[in-house]
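The structure appears right after this line, and notes come after that.
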Amino acid sequence: MSNPKTWFITGVSRGIGLEITKAALAAGDKVVGTVRSNPERLAAQLNHPHASIVVLDVTDERQAQEAARQAIERFGSIDVLVNNAGYGLLGAVEEATNEEVKRNFDANVFGLLNVTRAVLPYMRERRSGRVINLSSVGGLSGLAGWGVYGATKFAVEGLTEAMATELAPLGVFATAVEPGFFRTEFLDTSSLVRTGNVIADYAETVGEMRGYATLVNKKQPGDPAKLAQAVIRLAHAEKPPVHLPLGNDTLAMYGDKTTKFQQEIAQWHDVITGTDHDDVKH
Numbered sequence: 006m007s008n009p010k011t012w013f014i015t016g017v018s019r020g021i022g023l024e025i026t027k028a029a030l031a032a033g034d035k036v037v038g039t040v041r042s043n044p045e046r047l048a049a050q051l052n053h054p055h056a057s058i059v060v061l062d063v064t065d066e067r068q069a070q071e072a073a074r075q076a077i078e079r080f081g082s083i084d085v086l087v088n089n090a091g092y093g094l095l096g097a098v099e100e101a102t103n104e105e106v107k108r109n110f111d112a113n114v115f116g117l118l119n120v121t122r123a124v125l126p127y128m129r130e131r132r133s134g135r136v137i138n139l140s141s142v143g144g145l146s147g148l149a150g151w152g153v154y155g156a157t158k159f160a161v162e163g164l165t166e167a168m169a170t171e172l173a174p175l176g177v178f179a180t181a182v183e184p185g186f187f188r189t190e191f192l193d194t195s196s197l198v199r200t201g202n203v204i205a206d207y208a209e210t211v212g213e214m215r216g217y218a219t220l221v222n223k224k225q226p227g228d229p230a231k232l233a234q235a236v237i238r239l240a241h242a243e244k245p246p247v248h249l250p251l252g253n254d255t256l257a258m259y260g261d262k263t264t265k266f267q268q269e270i271a272q273w274h275d276v277i278t279g280t281d282h283d284d285v286k287h
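Here it is, written out as structure tokens:
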């Protein structure tokens with residue numbers, strides 16, 4: 006592709022982050038990828054002169070700032086930020102402990118904010134850049150068993166929509182990418198935490214989802230290599246969208262949600278529209 010870019014991608018040790026890293030390098034771009042440990046192992050695996058692997062725990066704001074500084078020092082700019090690092094939490098909302106919830110938000114939301122704040126000053130200075138936040142189908146539609154994880158991704162959606170408006174006049178574009186079920190390690194214990202607490206009353210809903218997650222692991226419909234190519238195209242687009250849902254499953258679930266939402270609005274229209282003061286003219 007023309008106009009090679011420098012990428013800053015979090016969570017590249019495996020899965021979607023690694024696929025995007027490989028695709029960006031194959032496209033002729035440069036990549037600073039972050040891992041929580043053993044950067045030498047991945048650097049040796051990639052064995053690419055335009056790949057720089059650095060240690061970063063996204064929950065550590067100072068580490069995020071230092072990693073961004075190193076990226077600028079190495080390549081001179083950060084053109085594309087991909088906030089990919091994070092993990093899933095499977096369990097009913099009631100089952101999740103306060104500590105489990107906090108850890109999930111620390112990684113998926115506050116970690117994303119740490120990295121974004123570290124990178125945006127460089128993009129603003131150049132009046133150019135792309136911020137790509139990995140959300141989820143769970144950030145578009147609430148699913149049984151994924152309430153807390155989905156809440157982190159709903160937060161990512163709201164942050165991305167606001168940033169898209171705030172950054173556009175500065176030449177920086179923000180997009181939320183919403184993958185459905187892709188065939189990665191997401192459902193493995195390396196990327197998915199299940200709540201320690203299990204309540205029998207949720208067997209028909211969350212229990213079914215737990216079983217499904219085990220059954221579908223490594224059989225998900227989405228191809229992560231194709232997802233990576235979609236992100237490459239997104240990063241090079243002149244006018245990228247604010248939302249990019251990926252996968253037929255994501256599209257179907259979101260379509261079902263919006264249909265039901267419109268039906269509820271129609272059923273409750275008189276209540277919805279009847280809450281203004283009487284002196285308000287429409």
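With our numbering, the residue at position 20 of the sequence shown is 25, and numbering never jumps. For glycine and all other residues, C-beta sits at the position ideal for the given N, C-alpha and C.
1) So what's ASN202 in DSSP terms, helix, strand or just coil?
2) May I ask you to report which of helix, strand or coil DSSP gives ALA48?
3) Identify every run of the beta strand (DSSP E) within the stretch 47–95, keeping only runs that are complete inside it and at least 3 residues long; order them along the chain.
4) Nearest to ASP62 by CA position, among HIS53, ALA73, HIS55, ASN52, is which residue?
5) Is ALA112 helix, strand or coil when you go by DSSP?
6) In whole angstroms, give me the CA-to-CA distance for GLY252 and PRO184.
7) With respect to the alpha helix (DSSP H) encompassing LEU164, which residues constitute its N-terminal and C-terminal limits?
8) Helix or strand or just coil, what does DSSP make of ASN253?
9) Quick check on the burial criterion: 16 or more other C-beta atoms within 10 angstroms. Buried or exposed for GLY134?
10) Anyone know if the C-beta pair for VAL211 and GLY93 falls short of 9 Å?
11) Just reading off the alpha helix (DSSP H) that THR26 is part of, what are its end residues?
12) How long is the line joining the alpha carbons of GLU243 and VAL177, rounded to whole angstroms?
13) Taking the C-alpha atoms as reference points, what is the distance between GLU105 and THR200?
Here's the rundown:
1) coil
2) helix
3) 56–60, 85–88, 93–95
4) ALA73
5) helix
6) 6 Å
7) 152–172
8) helix
9) buried
10) no
11) 20–31
12) 11 Å
13) 7 Å
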